[in-house]
Amino acid sequence: MSDLERELESELHRVLDAVAARPIPTRRSAPGRVSLRALLGGAGAALTIKVLTGVAVAAAAVTVAGAATTGSLNPAVWGQQVSDHVQECKDRIANSGQHGIGDCVSSFASQHGAAVSSAARQHGNGNGNGNGNGNANGNGSSNGNGNANGHSKDKTKDHTPPAKTSSTSPPTFDPEPIDPVGTHPPVAISPKP
Amino acid sequence: MQSREKEGTPTAAGQAETERYQPGSDADFERLYRTTYRRILGTLVTLVRDVATAEDCAQETYERAYKGWAKWRPDAPVEAWLHRIAINVAISDRRYQRLREAGEVIRRLGRPASGPDPAVVAERSVVVQAMKKLPPKQAAALVLRHYHGYTNREIGATLGVPEQTVASRLAAARKHLQAVLGK
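Order-wise, the sequence lines are chains R and A.
If you're matching positions, the first sequence starts at 1 in my numbering and goes up one per residue.
If you're matching positions, the second sequence starts at 1001 in my numbering and goes up one per residue.
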């Protein structure tokens, strides 16, 4: 062993033994493998947050739009208003001697649907693309269209008998219509000789 | 050194080998950490800038080792495996050393000017400072040989090179060290 090697060995032991004699620190643990960071960060998380925010705002917009239209946060209020209006329409029709409350109820339902849809669109436009689409579709379609269509069907019928004599009308399975008074003369059956 | 090998005295590298470890076992890894930490730290002190950095590198070494602990083969020399990781960590650290210089200056300013702190003694050692100027693999060969008492074969297993390469690397390291020390 050369002088250099001896000196090197003694110097390394003098210096490094003192360093190594210090207390051993607690081992630093590696970061956990649970990808919580992946759930809370990154592009996927941003998309998730946007979707959740959109859903939450859509739900809030439904509530606000309903409240703005009916004056109450309770959806049952709208149902009660419809019932009241139907009764009002019936009374009005009975007094005037007409048949069918379709026009009356349909106009009320259409007004409500249009009001809800516009309110939803306003909320949607204010909250960005994702929110706006969700709100407008959800509110406008379910409330406005559903009610309006149901009653507008009555409006087209108007409780008048269909033209059964027309050769162009297709056969239907509708029940036999009630014969209005005076449209057909009484049938006279003569006894056989 | 030669005589010790001939007598069959277990070398420093063999101390950890007498232990038995189960790959993937957390308890065994903690035992391995306790058994080998000081020697790994001693190696790293000669390779990186200062003792604090060596401690960081030691922790990094065990973090990397823990990730591969389940795949470690029990028939492989465990301390040589750890040293190999440690030397790679030290080489990586040297590459990014300059980026940390500003932080090091701040940390040094906060320390006492002098004292019996072994870290300060190590950082002021002329030999240790000279070893830090060597290429990392040459310095690693020197410290494994002259501090840990590894044989050339064990150093070869640690560094992943043939025994002849270790001999030539040691010769080059001594020559380089002589030049640095001016001897």
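The beta-carbon is built from N, C-alpha and C at its ideal position, and this holds for glycine as well.
THR53(R) and GLY79(R) have their C-alpha atoms some 29 Å from each other. Where ASP3(R) is concerned, the enclosing alpha helix (DSSP H) starts and stops at 3-20. Counting only Cβ-Cβ distances below 8 Å, PRO1118(A) has contacts in chain R at VAL15, ALA18, VAL19, ALA21, ARG22, in chain order.
Among the residues facing chain R, GLU1030(A) is included, as its CB has a counterpart in that chain under 8 Å away. Here ILE1155(A) is not near ALA1086(A), since their CB atoms are 8 Å or more apart. Considering only GLY1042(A), GLY1149(A), GLU1030(A), VAL1048(A), the residue with the shortest C-alpha distance to SER1092(A) is VAL1048(A). Counted as a single uninterrupted DSSP element, the stretch harbouring SER29(R) is not any alpha helix (DSSP H), since DSSP gives it neither H nor E. In terms of beta-carbon proximity, ALA1122(A) lines the interface with chain R, with at least one pair separated by less than 8 Å.
Under the three-state reduction of DSSP, ASP84(R) is assigned to helix. A Cβ-Cβ distance of about 6 Å is found for the pair ALA1090(A) and PRO1136(A), placing them in contact under the 8 Å criterion. With 16 or more other Cβ atoms inside 10 Å of its own Cβ, ASN1152(A) counts as buried.
About 7 Å separates the CB atoms of ALA1119(A) and ALA1052(A); that is less than 8 Å, so the two are in contact.
Taking 8 Å as the upper bound for CB-CB distance, HIS1146(A) and LEU8(R) are in contact here, some 5 Å apart. Interface annotation for the stretch 1163-1177 of chain A against chain R: ARG1174, LEU1177, criterion Cβ-Cβ distance under 8 Å. Residue contact with chain R for LEU1142(A): present (Cβ-Cβ distance below 8 Å to some residue of chain R). With a threshold of 16 other beta carbon atoms within 10 Å, GLY97(R) falls short and is exposed.
With a cutoff of 8 Å on beta-carbon distance, SER1125(A) and GLU5(R) are scored as not near each other. At least 8 Å separates the CB of VAL1180(A) from every CB of chain R. A Cβ of chain R is located within less than 8 Å of the beta carbon of TYR1062(A). If you draw a straight line from the Cα of MET1(R) to the Cα of ARG1174(A), it is about 12 Å long.
Taking C-alpha positions only, CYS1057(A) is separated from GLY1160(A) by approximately 20 Å. The Cβ of SER1092(A) sits no closer than 8 Å to any Cβ of chain R.
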